[in-house]
Amino acid sequence: MSTIVRSIAGIGRRTLEGISRMGYATRFFIAALMRSGTAFRRFGLTIREIYFSGVLSLIIILVSGLFVGMVLALQGYETLQTYGSEEVLGVLVALSLVRELGPVVAALLFASRAGSAITAEIGLMKATEQLAAMEMMAVDPVARVVAPRFWAGVISMPLLAALFSAMGILGGYLVGVVLIGVDEGSFWSQMQAKVDFEEDILNGVIKSVVFGIAVTAIALFEGYDAPPTAEGVSGATTRTVVTSSLAILALDFVLTAFMFRGIS
Amino acid sequence: MDNLVEIENVSFSYGDRPVLKGINLTARRGQVIAIMGNSGCGKTTLLRLIGGQIKPDQGTVKVAGQVVNELKPLDLYSLRRKMGMLFQFGALFTDMNVFENVAFQMREHTKLPEDVIRDLVLMKLHAVGLRGAADLMPSELSGGMARRVALARAIALEPMLVMYDEPFAGLDPISLGVTGNLIRRLTDTLGLTSLVVTHDVQESLKIVDYVYFVSEGIIEAEGTPAEISASNLPFVHQFVHGEADGPVPFHYPAKPYESDLRLGA
Ligand SMILES: Nc1ncnc2c1ncn2[C@@H]1O[C@H](COP(=O)(O)OP(=O)(O)OP(=O)(O)O)[C@@H](O)[C@H]1O
Ligand SMILES: [Mg+2]
Numbered sequence: 406m407s408t409i410v411r412s413i414a415g416i417g418r419r420t421l422e423g424i425s426r427m428g429y430a431t432r433f434f435i436a437a438l439m440r441s442g443t444a445f446r447r448f449g450l451t452i453r454e455i456y457f458s459g460v461l462s463l464i465i466i467l468v469s470g471l472f473v474g475m476v477l478a479l480q481g482y483e484t485l486q487t488y489g490s491e492e493v494l495g496v497l498v499a500l501s502l503v504r505e506l507g508p509v510v511a512a513l514l515f516a517s518r519a520g521s522a523i524t525a526e527i528g529l530m531k532a533t534e535q536l537a538a539m540e541m542m543a544v545d546p547v548a549r550v551v552a553p554r555f556w557a558g559v560i561s562m563p564l565l566a567a568l569f570s571a572m573g574i575l576g577g578y579l580v581g582v583v584l585i586g587v588d589e590g591s592f593w594s595q596m597q598a599k600v601d602f603e604e605d606i607l608n609g610v611i612k613s614v615v616f617g618i619a620v621t622a623i624a625l626f627e628g629y630d631a632p633p634t635a636e637g638v639s640g641a642t643t644r645t646v647v648t649s650s651l652a653i654l655a656l657d658f659v660l661t662a663f664m665f666r667g668i669s
Numbered sequence: 083m084d085n086l087v088e089i090e091n092v093s094f095s096y097g098d099r100p101v102l103k104g105i106n107l108t109a110r111r112g113q114v115i116a117i118m119g120n121s122g123c124g125k126t127t128l129l130r131l132i133g134g135q136i137k138p139d140q141g142t143v144k145v146a147g148q149v150v151n152e153l154k155p156l157d158l159y160s161l162r163r164k165m166g167m168l169f170q171f172g173a174l175f176t177d178m179n180v181f182e183n184v185a186f187q188m189r190e191h192t193k194l195p196e197d198v199i200r201d202l203v204l205m206k207l208h209a210v211g212l213r214g215a216a217d218l219m220p221s222e223l224s225g226g227m228a229r230r231v232a233l234a235r236a237i238a239l240e241p242m243l244v245m246y247d248e249p250f251a252g253l254d255p256i257s258l259g260v261t262g263n264l265i266r267r268l269t270d271t272l273g274l275t276s277l278v279v280t281h282d283v284q285e286s287l288k289i290v291d292y293v294y295f296v297s298e299g300i301i302e303a304e305g306t307p308a309e310i311s312a313s314n315l316p317f318v319h320q321f322v323h324g325e326a327d328g329p330v331p332f333h334y335p336a337k338p339y340e341s342d343l344r345l346g347a
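Note that the protein sequences, when read in sequence, are chains A and B. So the first sequence is residues 406 to 669, counted in this note's numbering. So the second sequence is residues 83 to 347, counted in this note's numbering.
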């Protein structure tokens, strides 16, 4: 009996803790937005962070994009061939990438490459009192440390997703046209004809901006909220990757449901 | 307004564990004040109260006539511009080199031209003997060097109040003497006020104007270095002479040793 009561009490406690943490995270997010002045006035700070989270993620994004595109072309060719419509291979590759795989896979990679680094860095800055020292020097760490990283993530994410898709299309071209021998002209012309700027590309960009906001906000909050110890920081880093991956996939479903419902 | 720092009847607890229980302390302008006490007695906590990082449960903390624990965030920030703090573990920014660490507040709070900043930073680093280390990253410094850089950073904008949390820990005897003299000299030449948390009784008695001993959450004893050296209070005597037996317990409160080790069980 008492174990049942205790476990119910445990559920209640965890729920309350979860809700209050959500509230704290929301306030943190709003504070980061409100205090973004510095991130734009001294854009050099943001550029620096774009280098760390964006530029340093390039290799993994480009290589993964290439391979994903190559696999798409292989798999797509297998299926299309049975219907005798190999010439739409380019369309298949491009649409899969710009609508779905580009934003989603790039965001997942970004979460594990840059998100975890952001959490670990902020968490360690907190654990070693660097954030407290900054406050004592009358410099607001949310404005000076958090906001530039946030905007850097939001700016980097769509660019990385676009590069991922571009590399994927190149990979699809290499496998489909160069290796398998699909007609080059129809590969590109079908792609040009069937990929719509607003419906496909713009929606993909919107997705990646949303993912960029989600991943960076989660990573920053987890770092800022991490217990100031080694285990605290490592736990927070893990949570960043898990939470932001789930957030990406869930948001992707919601966004897709809204965006592509009416499209044939 | 002779008193720069006035702490009246301040109590503070972490959760339900009381750390400070009614502290009174004043620092006059131009003085170097030492705060001593056994490890874990709440010295760092006291400095954090003065800096407004935490708020007392009771009592008031006044700096330059302003009640720190009642200031709005913006006012607190403008007061902090006039405070410097050396953190116990340095707290250097690990993503910047030594030079940038010291230049940090100049870049954040002033519009000084680059060559002026350069000269000021090198002067501060020279004062702590680390001008040659300007290009090193914090990870390349030894513990004592990091502390001296943190000291240079704390005094970078020549604040009116500098709080040093154990500036002498981890220093060799030469750097220790130099650092002690530096604190004294800065206080005198720039007219600052310095609060020095330290365990180094001999060194601090040489340079400070007044000493507070914290124990069990209250000020157990206070006085000028001469009074402290001559004191017969068992507490002060034990501390100044580093004796294990006396009113200051070495052990954190615990069960009796025998029962903890389960002797006789
Ligand atoms: N963030 C915290 N949460 C809970 N308790 C704390 C926290 N920081 C310090 N304490 C407790 O408060 C007491 C005073 O800590 P404080 O750091 O002020 O000691 P101190 O006098 O600076 O010690 P030392 O000379 O070892 O640096 C300690 O017993 C410590 O256990
Ligand atoms: Mg301390």
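Glycine is no exception: its CB is placed at the ideal position from the N, C-alpha and C atoms. Small disclaimer: the values here were computed from a predicted structure and weren't measured.
Asked: Whole-number beta carbon distance between A173/B and A537/A, since they are thought to touch under 8 angstroms; Found: 7 angstroms
Asked: Closer than 8 angstroms to chain B by CB, V544/A; Found: yes
Asked: Nonlocal neighbours in the same chain, by C-beta distance under 8 angstroms from A336/B, ignoring five residues either side; Found: D342
Asked: Cβ pair V322/B, G305/B closer than 8 angstroms; Found: no
Asked: Contact set between the segment 172-194 of chain B and chain A, restricted to residues whose Cβ is under 9 angstroms from the partner; Found: G172, A173, L174, F175, T176, D177, F186, Q187, E190, H191
Asked: Positions along the segment 130-162 of chain B whose CB lies within less than 9 angstroms of some CB in chain A; Found: R130, G133, G134, Q135, P155, L158, Y159, S160, L161, R162
Asked: beta-carbon T126/B near ligand 2 non-hydrogen atom, thresh 7 angstroms; Found: yes
Asked: CB-CB length for D47/B against F250/B, believed under 8 angstroms; Found: The structure shown does not extend to residue 47/B, since chain B is modelled only from 83 through 347, so no value can be given for it.
Asked: V101/B, DSSP secondary structure in three states; Found: strand
Asked: Residues bridged to A303/B (per DSSP); Found: F295/B
Asked: Beta-carbon proximity of S242/B to L274/B, cut-off 8 angstroms; Found: In the sequence as presented, Ser is not what sits at residue 242/B; that position holds Met. It is a contact, given that the beta carbons lie within the stated cut-off.
Asked: Inter-stretch contact at 8 angstroms, needing at least 3 Cβ pairs: the segment 558-567 of chain A / the segment 449-468 of chain A; Found: yes
Asked: Inter-residue spacing [alpha-carbon to alpha-carbon] between S425/A and I623/A; Found: 15 angstroms
Asked: Exposure label - L654/A; buried when at least 16 CB within 10 Å; Found: exposed
Asked: CB contact below 8 angstroms: F169/B versus chain A; Found: yes
Asked: Euclidean distance between Cα positions of L477/A and V498/A; Found: 6 angstroms
Asked: Completely contained alpha helix (DSSP H) runs for the segment 582-637 of chain A, where each covers 4 or more residues; Found: 589-599, 608-630
Asked: Start-to-end residues for the beta strand (DSSP E) that takes in F386/B; Found: Absent from the model: residue 386/B. The displayed extent of chain B is 83 to 347, so no value can be given.
Asked: Closest Cα partner of G442/A within the set R549/A, T420/A, D630/A, M475/A; Found: R549/A
Asked: Near ligand 2: Q113/B beta-carbon under 7 angstroms from a heavy atom; Found: no
Asked: Residue environment, D605/A, which counts as buried when at least 16 other CB atoms sit within 10 Å; Found: buried
Asked: Rounded distance between the beta-carbons of G573/A and G481/A, thought under 8 angstroms; Found: G481/A to G573/A, Cβ: 12 angstroms. No contact.
Asked: Contact list for M439/A against chain B, beta-carbon separation under 9 angstroms; Found: Result: empty, since nearest Cβ-Cβ is about 13 angstroms, beyond 9 angstroms.
Asked: Extent of the continuous alpha helix (DSSP H) run through V544/A; Found: Per DSSP, V544/A belongs to no alpha helix (DSSP H) and is neither H nor E.
Asked: Closer than 8 angstroms to chain A by CB, M165/B; Found: yes
Asked: Beta-carbon contacts of S669/A that lie in its chain and below 6 angstroms, excluding the five residues immediately before and after; Found: Since pLDDT at S669/A reaches only 47, below the 50 mark, its modelled position is unreliable, and no value is offered.
Asked: Test item: CB-CB of M134/B and N151/B under 8 angstroms; Found: It is worth fixing the name first, because residue 134/B is Gly in this sequence and not Met. A contact, by the Cβ cut-off of 8 angstroms.
Asked: Closer than 8 angstroms to chain B by CB, A655/A; Found: no
Asked: Proximity test, D282/B beta-carbon vs ligand 2 heavy atom, cut-off 7 angstroms; Found: no
Asked: Continuous beta strand (DSSP E) stretch holding Y246/B: start and end; Found: 243-247
Asked: Distance CB(S286/B)-CB(V278/B) smaller than 8 angstroms; Found: yes
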